[in-house]
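Visitor: The structure that follows is given in the form of structure tokens.
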Amino acid sequence: MTSMNENEAAALSLWVAQESPTSHAAGVNGMMDLVQKDIAGLPIALERIPGRDGLGDMVVLRAGPGNSQPAVAVMSHLDTVHPVGTSAKDLPVRIEGDRLYGPGVYDMKGGAWLALQAFKQVAAAGSARRPMVFLFTPDEEIGSPTSRSVIEDIGRGSAAVLVTEPARLGGKIVTARKGVGRFEVKLEGRPSHSGSRHADGRSAIREAAHQILAIEGMTDYARGITTSVALIGGGTAANVIPQHAWFSVDCRVTTAADGRLMEERILGLKSHDPDVKLRITGGMNRPPYEKSPEVAGLFEIAHKVAAGIGFELQDCPMTGGGSDGNFTAALGVPTLDGLGIDGDGAHTLQEYALISSIAPRQALIKGLLETV
Ligand SMILES: [Zn+2]
């Protein structure tokens, strides 16, 4: 490893060691403090937006020329899915060869960190063509409930949005993502003693079983629609016909029209047993991010910038995972995603980033900030 790589890995390790699961506002705010510290003394304006609903703060950085042109925006989330204590036990922050392991290093502290270094370089050099904005958010991993409006406001004022979610499959970036829907289903039946009064009961869990099979049956791989039930609960005791049950539904679609259709189908479900009440809430959370001609045009610019740095940039086919890029792309703002660090194991205890990918990815973001 070169000494430059060592310095970068050490600096990024400090970010990874600061644990910041979405629900731990103090930890997320600790990440915002690290951003604040990192830009001290540079010609960068910082705005800190206090968190709400128990979540962490947001930080907005602004730099570059003060002209009235639309900005180029970078967006990174600093929350992770890993609970506090993960780095002490299951996923210690450590370097093994070219791999830097740790909670959130790949999704997406590595990308956030390297993009901030690029942003700082361009701000210090005064080489931006447009005003630059950098938004750090606290709640992407739960669907961005408190940051969505800020993401959309900044998106509307931008000519391009660069999202630093992890790179894919050896450095590919993301130019299309499925839309994501979330639904909650609550069922209420009638309780009874499962031994002496079995026939009097109306099982909320049996009804849930019917509904779950119906919902999972809406999956259509050929059309890019998937539904899955991955959280479920209900019942009170092994000898009581259950009065209550609940489950949640995750739905992915490739087009906005399919999103509307799936909302209609899921919200319109009727109970199989008329004595069990069914309450369904929710809807599409992230609209699909489709590779429009404008997105393709922005990708061409990135491809040229990468060629200048010395690598061939590729994008990957539409991915199933949503991100904040879905929000800005759905507004028609050219958006590139997956510009972050390379590595693997997002959301797992084997999560790592490739240290050697920091330099080229950072150069790509710097080039985009100076070119778009
Ligand atoms: Zn992420």
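By our numbering, the letter at position 155 of the sequence shown is numbered 158, and the numbering carries on one by one without gaps.
All residues carry an ideal CB built from backbone N, CA and C; glycine is no exception.
Bear in mind that the values here come from a model prediction, so they are computed numbers and not experimental data.
Which of the three DSSP states is assigned to Ala-241 in this structure?
Guide: Looking at Ala-241 - three-state DSSP - the assignment turns out to be coil, as it is neither helix nor strand.
Visitor: Identify every run of the alpha helix (DSSP H) within the segment 13–80, keeping only runs that are complete inside it and at least 4 residues long; order them along the chain.
Guide: With a minimum length of 4 residues, the continuous alpha helix (DSSP H) runs that stay inside the segment 13–80 are 28–41.
Visitor: Indicate whether Pro-169 and Tyr-109 have their beta-carbon atoms separated by less than 9 Å.
Guide: Contact flag set, yes.
Visitor: Check whether the Cβ of Ser-326 sits closer than 8 Å to any heavy atom of ligand 1, and report yes or no.
Guide: Yes; taking the cut-off as 8 Å, the Cβ of Ser-326 has a heavy atom of ligand 1 nearer than that.
Visitor: Drop a sphere of 10 angstroms on the beta-carbon of Lys-181, count the other beta-carbons inside from all chains shown, and report buried for 16 or more, exposed for fewer.
Guide: Its Cβ being crowded by 16 or more others within 10 Å, Lys-181 is buried.
Visitor: Just confirm the distance between the C-beta atoms of Asp-253 and Arg-185, as a whole number of angstroms; I'd bet it's less than 8 Å.
Guide: Right, their Cβ atoms sit about 6 Å apart.
Visitor: Can Ser-197 and Ile-145 be called in contact, C-beta distance under 9 Å?
Guide: Result no, Cβ atoms of Ser-197 and Ile-145 do not sit closer than 9 Å.
Visitor: Take the Cβ of Thr-338 as the centre, count every other Cβ of all protein chains shown within 10 Å, and call the residue buried at 16 or more, exposed below.
Guide: Looking at its Cβ environment, which holds 16 or more other Cβ atoms inside 10 Å, Thr-338 is buried.
Visitor: Counting pairs of Cβ atoms below 8 Å between the segment 212–223 and the segment 351–369, do you hit three or more?
Guide: The segment 212–223 is not in contact with the segment 351–369.
Visitor: Can you tell me which residues form a DSSP beta bridge with Arg-102?
Guide: Note: Arg-102 sits in a beta bridge opposite Glu-99 and Leu-357.
Visitor: Measure the alpha-carbon distance for Ala-48 versus Ile-304 and round it to whole angstroms.
Guide: Distance between the alpha carbons of Ala-48 and Ile-304: 27 Å.
Visitor: Note down the Cα distance separating Phe-314 from Gln-39, rounded to an integer number of angstroms.
Guide: Near 32 Å, if we compare the C-alpha coordinates of Gln-39 and Phe-314.
Visitor: What span of residues does the beta strand (DSSP E) with Asp-110 cover, start to end?
Guide: Looking at the DSSP string, Asp-110 is not in any beta strand (DSSP E), and its letter there is neither H nor E.
Visitor: Taking 8 Å as the cut-off, is the beta-carbon of His-85 closer than that to any non-hydrogen atom of ligand 1?
Guide: Answer for His-85: no, Cβ out of range of ligand 1.
Visitor: Between Ser-152, Asp-203 and Asn-32, which has its C-alpha nearest Arg-51's C-alpha?
Guide: Looking at the Cα atoms, Asn-32 is the closest of the given residues.
Visitor: Out of curiosity, what's the CA-to-CA distance linking Ala-12 and Leu-103?
Guide: Each residue's alpha carbon lies about 7 Å from the other.
Visitor: Okay, do the segment 234–248 and the segment 260–272 touch, 3+ Cβ pairs below 8 Å being the bar?
Guide: The segment 234–248, when compared against the segment 260–272, does not touch it at the 8 Å Cβ threshold.
Visitor: Examine the Cβ distances between the segment 140–160 and the segment 216–228 and report whether three or more of them are shorter than 8 Å.
Guide: Flag = no, the segment 140–160 and the segment 216–228 do not touch.
Visitor: Would the C-beta of Tyr-95 count as close to ligand 1, meaning under 8 Å from any of its heavy atoms?
Guide: One point to set straight first is that residue 95 is Pro, not Tyr, in the sequence displayed. No - ligand 1 has no heavy atom lying nearer than 8 Å to the Cβ of Pro-95.
Visitor: Pick from Ala-225, Val-166 and Leu-234: whose alpha carbon is nearest that of Val-256?
Guide: Val-256 has its Cα closest to that of Ala-225, out of Ala-225, Val-166 and Leu-234.
Visitor: Going along the chain, which residues of its own chain have a beta-carbon closer than 6 Å to the beta-carbon of Gly-235, five neighbours each way excluded?
Guide: For the sequence presented, residue 235 should be read as Ile rather than Gly. Within the same chain, Ile-235 has close Cβ partners Phe-250.
Visitor: If you measure between the beta carbons of Thr-341 and Glu-354, is that distance less than 9 Å?
Guide: Per the sequence presented here, residue 341 reads as Gly, with Thr not at that position. No, Cβ-Cβ distance for Gly-341 and Glu-354 is not below 9 Å.
Visitor: From which residue to which residue does the alpha helix (DSSP H) around Phe-330 run?
Guide: 328–333 is the span of the alpha helix (DSSP H), which, as asked, contains Phe-330.
Visitor: Jot down the residue ranges of each uninterrupted alpha helix (DSSP H) in the segment 254–311, minimum 4 residues, whole runs only, in chain order.
Guide: For the segment 254–311, whole alpha helix (DSSP H) runs of length 4 or above, ordered along the chain, are 259–270.
Visitor: Rounded to the nearest angstrom, what separates Ala-299 and Gly-30 at their Cα positions?
Guide: Near 37 Å, if we compare the C-alpha coordinates of Gly-30 and Ala-299.
Visitor: Applying the criterion that 16 or more other CB atoms from any shown protein chain within 10 Å of the CB defines a buried residue, is Arg-133 buried or exposed?
Guide: Classification for Arg-133: buried.
Visitor: Would the beta-carbon of Met-61 be found less than 8 Å away from any heavy atom of ligand 1?
Guide: Checking every heavy atom of ligand 1 against the Cβ of Met-61, none is found closer than 8 Å.
Visitor: Can you round the beta-carbon distance between Leu-425 and Pro-141 to whole angstroms, since I take them to be within the 8 Å contact cut?
Guide: Residue 425 cannot be examined here, being either before or after the span of the chain that is shown, 4 to 375.
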